[in-house]
Amino acid sequence: MNNKPIKDYGLIGDMHGSALVGIDGSIDWCCIPRFDSPAMFSSILDSDKGGFFKLAPSNVGEVTRRYRAMTNILETSFTTPSGSGILIDFMPVHRHSAMPREPLEIANDQRVVRILHCTDGHLDFELDCYPRFDYGTIVPHAAVSSPHTGMAHGGSEAVSIYCSDSLTVVNDGFRSRGTIFEGEKLYATVSYQPSFSHRSEPLNPETLDRELKDTAAYWEEWSDQCTFQGENRDAVVRSALTLKALTYAPSGGLVAAPTSSLPEIIGGNRNWDYRYTWIRDATFALYALSIIGYTAEASAFKEWLEWSTSGRAHDLQVVYGLGGERRLTEIEIPELDGYQGSRPVRIGNAAYSQFQLDIYGEIMDSAHTFRKFGGAIDSEYWEQLRRVVNYVIDHWRRPDEGIWETRNGRQHFVFSKVMCWVAMDRAIKAATSLGLPGDVETWRTVREEIRSEVMEKGYSTERQAFVQSYGSNNLDAANLMLPLVGFIPATDPKMRSTIRAIQAELTNPQGFVYRYKDFDDGVGEASGVGGTEGTFTICTFWLADNLIHMGEFEEARKLFDSAMGCANDLGLFSEEYDSTTQTMLGNFPQAFSHLAMINTAVLLQQAADGTGPGFKRT
Numbered sequence: 004m005n006n007k008p009i010k011d012y013g014l015i016g017d018m019h020g021s022a023l024v025g026i027d028g029s030i031d032w033c034c035i036p037r038f039d040s041p042a043m044f045s046s047i048l049d050s051d052k053g054g055f056f057k058l059a060p061s062n063v064g065e066v067t068r069r070y071r072a073m074t075n076i077l078e079t080s081f082t083t084p085s086g087s088g089i090l091i092d093f094m095p096v097h098r099h100s101a102m103p104r105e106p107l108e109i110a111n112d113q114r115v116v117r118i119l120h121c122t123d124g125h126l127d128f129e130l131d132c133y134p135r136f137d138y139g140t141i142v143p144h145a146a147v148s149s150p151h152t153g154m155a156h157g158g159s160e161a162v163s164i165y166c167s168d169s170l171t172v173v174n175d176g177f178r179s180r181g182t183i184f185e186g187e188k189l190y191a192t193v194s195y196q197p198s199f200s201h202r203s204e205p206l207n208p209e210t211l212d213r214e215l216k217d218t219a220a221y222w223e224e225w226s227d228q229c230t231f232q233g234e235n236r237d238a239v240v241r242s243a244l245t246l247k248a249l250t251y252a253p254s255g256g257l258v259a260a261p262t263s264s265l266p267e268i269i270g271g272n273r274n275w276d277y278r279y280t281w282i283r284d285a286t287f288a289l290y291a292l293s294i295i296g297y298t299a300e301a302s303a304f305k306e307w308l309e310w311s312t313s314g315r316a317h318d319l320q321v322v323y324g325l326g327g328e329r330r331l332t333e334i335e336i337p338e339l340d341g342y343q344g345s346r347p348v349r350i351g352n353a354a355y356s357q358f359q360l361d362i363y364g365e366i367m368d369s370a371h372t373f374r375k376f377g378g379a380i381d382s383e384y385w386e387q388l389r390r391v392v393n394y395v396i397d398h399w400r401r402p403d404e405g406i407w408e409t410r411n412g413r414q415h416f417v418f419s420k421v422m423c424w425v426a427m428d429r430a431i432k433a434a435t436s437l438g439l440p441g442d443v444e445t446w447r448t449v450r451e452e453i454r455s456e457v458m459e460k461g462y463s464t465e466r467q468a469f470v471q472s473y474g475s476n477n478l479d480a481a482n483l484m485l486p487l488v489g490f491i492p493a494t495d496p497k498m499r500s501t502i503r504a505i506q507a508e509l510t511n512p513q514g515f516v517y518r519y520k521d522f523d524d525g526v527g528e529a530s531g532v533g534g535t536e537g538t539f540t541i542c543t544f545w546l547a548d549n550l551i552h553m554g555e556f557e558e559a560r561k562l563f564d565s566a567m568g569c570a571n572d573l574g575l576f577s578e579e580y581d582s583t584t585q586t587m588l589g590n591f592p593q594a595f596s597h598l599a600m601i602n603t604a605v606l607l608q609q610a611a612d613g614t615g616p617g618f619k620r621t
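In the numbering used here, the protein residues as written are 4 to 621.
And the structure:
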């Protein structure tokens with residue numbers, strides 16, 4: 004069983020795949036060539052079966068780590084009785100022949116590169132690399148072809164191993180032991196091998212040093228585009244870099260998280276695969292990136308959306324595979340114990356077949372953001388958006404599974420209805436601002452019908468709050484989005500009382516927000532109750548945003564500063580946080596959490612500058 008806390012991990016990636024590196028120098032999760040490829044190292048989910056790649060000095064004392072400034076290159080510093088050194092971990096970002104600022108669309112030589120540099124005295128190092136394909140269910144055959152090169156293959160999967168010191172085969176894996184002295188470096192890699200090519204290209208330290216330099220240059224150039232210059236700039240850039248690292252470069256799709264089955268409840272069954280592109284998560288992320296200067300990502304996602312959905316509204320899905328795959332069949336892997344015994348381990352996600360009305364509003368809102376930041380709405384794109392609007396007109400009265408992807412039957416969720424209002428609102432604004440064709444009067448009528456119904460059926464006079472769904476008495480933190488999308492001002496008495504109710508009933512002593520409480524969402528466990536499911540980091544930042552909109556800047560800043568404490572030492576956020584045990588929960592790092600942090604940091608800075616909320620979605 005893996006007892007390493009989630010906070011101990013750092014992310015490296017090449018915008019195709021990714022890996023999690025533990026503070027002890029062990030890579031316990033790695034998926035290449037794609038984020039959703041079967042993991043070759045997955046000991047985070049089962050330390051016995053999952054496989055790992057550890058490189059570290061012996062007899063480690065103190066450990067510190069950081070990302071190299073403005074990059075996704077991880078540096079872990081070790082101190083031992085005999086000396087000290089730095090472990091550099093990264094995945095090379097190769098240059099595109101036609102677009103030198105972008106990574107290659109297809110890279111057959113994807114790899115993880117590890118460089119252990121002795122900076123003082125000497126280090127006795129230990130290297131252990133045990134690939135286990137298909138989430139630990141395939142033990143490969145391992146062999147060395149030269150003193151420095153090995154190959155592991157099982158079925159159609161294969162990886163090559165390089166080490167600048169000698170390698171030996173031990174228990175179907177690779178091992179190296181030795182000593183490096185001050186100024187010396189040990190180089191090690193694991194490289195993906197395309198199916199049936201089972202041969203490796205020769206590597207050497209010079210090549211890997213060049214890849215390090217090129218990768219650093221890429222990330223630094225990208226980071227320099229950030230226009231945010233406020234108080235929390237370093238944290239904003241780190242979150243932006245994380246979102247970029249979660250983007251699948253060939254298509255422009257963005258994964259919700261690079262991991263699967265990290266639990267929302269330790270020992271429970273809320274274990275989901277997030278290595279896919281949710282329309283909701285991606286559009287929220289693109290808004291956050293756009294307001295700090297990154298607009299090319301919005302254009303790339305627009306193209307991904309058009310390509311993946313074929314421009315059709317009637318068969319839009321909530322979530323897609325990175326290459327536009329539509330069927331993401333959810334299965335369980337019984338061979339793995341799960342993170343800290345949290346079973347089952349799931350691959351795929353059944354949410355792909357759910358009906359969630361809010362995605363139509365998010366698509367229209369993403370087009371609105373794209374337009375606000377200089378994107379062109381051509382006739383073909385507009386026709387696709389009009390089809391989305393027409394679909395909303397025909398279907399907004401239907402119940403759905405909602406933003407939290409409940410599995411206990413469809414309901415009339417308030418947030419879903421509000422996002423249908425957003426779809427109509429953004430269509431009206433685009434048509435009137437740009438003179439685009441459309442039945443604007445009908446759209447206005449429907450927009451008002453939606454608003455009237457939400458105000459009548461979605462607000463409870465008994466609870467003095469907008470509730471989770473029509474006829475319910477439950478609160479839902481998703482309704483904190485209502486002012487943020489322009490449906491109702493945060494200062495409106497009904498919204499203000501909703502915010503106060505959420506503060507009173509859905510927060511823990513630190514002010515962190517649960518998404519809901521005492522609601523059977525069909526997963527089979529109590530959800531949102533303190534001590535089980537953690538607080539949702541995105542919801543906490545939403546509350547801070549509402550406080551800013553109400554003019555309660557000091558309270559918002561206090562909450563923001565507290566929420567920043569949910570990040571680990573590298574500035575990475577998980578999906579949820581248990582502040583009682585200071586435990587990260589859920590998949591990691593989570594795009595939702597990082598995009599929300601950016602939004603709140605920008606709003607706080609604008610408040611400090613006296614410029615108000617700044618650019619609004621409306």
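We put the CB at the ideal spot given by N, CA and C, even for glycine. Since the model is a prediction, treat every value here as computed from it, not as a measurement.
In this structure, the alpha-carbon of Ser80 lies about 12 Å from that of Ile118. For His317, no pairing in a beta bridge is given by DSSP. Shortest Cα-Cα distance from Ala504 to any of Lys460, Asn549, Tyr133 and Val63 involves Asn549. Distance from the Cα of Val488 is smallest, within the candidate group Asp361, Gly537 and Glu508, for Asp361. If you draw a straight line from the Cα of Asn477 to the Cα of Tyr519, it comes to about 7 Å. Closest option to Thr210, judged by alpha-carbon separation, among Thr192, Pro402 and Leu325: Thr192. In this structure, the alpha-carbon of Ile91 lies about 13 Å from that of Ala72. Residue pairing from DSSP leaves Trp545 without any beta-bridge partner. Between Ser293 and Thr372 a beta carbon distance of about 5 Å is seen, short of the 8 Å cut, so the two are scored as contacting. Annotation: Ser40 to Phe304 spans about 21 Å, alpha carbon to alpha carbon. In the structure shown, Trp385 falls within a helical segment according to DSSP collapsed to helix, strand and coil. Listed in chain order, the non-local C-beta contacts of Arg349 below 8 Å within the same chain comprise Ser263, Ser264, Asn274, Trp275, Asp276, Glu333, Ile334, Glu335 and Ile336, local neighbours out to five positions each way being set aside.
Rounded to whole angstroms, Glu306 and Ser254 show a C-alpha spacing of 8 Å. Bridge pairing for Gln608: absent [DSSP]. Of all C-beta pairs linking the stretch 63-77 to the stretch 47-54, fewer than three are shorter than 8 Å, placing the two stretches out of contact. A direct Cα-to-Cα measurement between Gly153 and Ala146 gives close to 6 Å. Beta-carbon to beta-carbon, Val96 and Met18 are separated by about 7 Å, close enough to satisfy the 8 Å threshold. In the structure shown, Ala570 adopts coil according to DSSP, grouped into three states.
Within the model, the alpha-carbon separation for Gly461 versus Arg401 is close to 14 Å. Take His151, set aside five residues on each side of it, and the residues of its chain with a beta-carbon closer than 8 Å to its own are Tyr165, Cys166, Ser167, Asp168, Ser169 and Leu170, in chain order. With a cutoff of 9 Å on beta-carbon distance, Glu579 and Leu573 are scored as not near each other. From the listed residues Leu388, Asp127 and Ser242, the smallest Cα separation to His317 is found for Leu388. The C-beta separation of Leu575 from Thr83 comes to about 26 Å, leaving the pair out of contact by the 8 Å criterion. Taking C-beta atoms as the reference points, Glu160 and Met43 count as a pair closer than 9 Å.
The criterion of a C-beta distance shorter than 9 Å is satisfied by Gly157 and Ile141.
Per the Cβ contact rule, the stretch 423-434 is in contact with the stretch 388-397 (3 or more Cβ pairs under 8 Å). The C-alpha of Ala566 lies about 28 Å from the C-alpha of Gly344. The criterion of a C-beta distance shorter than 9 Å is not satisfied by Lys188 and Asn75. Comparing C-alpha distances from Gly28 to each of Asn571, Ser61 and Ala370 shows the shortest one belongs to Ser61. Taking the Cα of Thr603 as reference, the smallest distance to any Cα among Cys569, Ala594, Gln593 and Arg560 is reached at Arg560. The residue from Leu339, Glu338 and Leu308 with its alpha-carbon nearest to that of Gly324 is Leu308.
Cβ contact annotation for Arg450 (same chain, cutoff 8 Å, sequence separation greater than five): Trp424, Met427, Asp428 and Ile431, in chain order. For Leu215, the enclosing alpha helix (DSSP H) starts and ends at Pro208 to Ser226.
Within the same chain, Ala468, Phe469 and Asn482 come within 7 Å of Thr501 by CB-CB distance, once the 5 residues on both sides are set aside.
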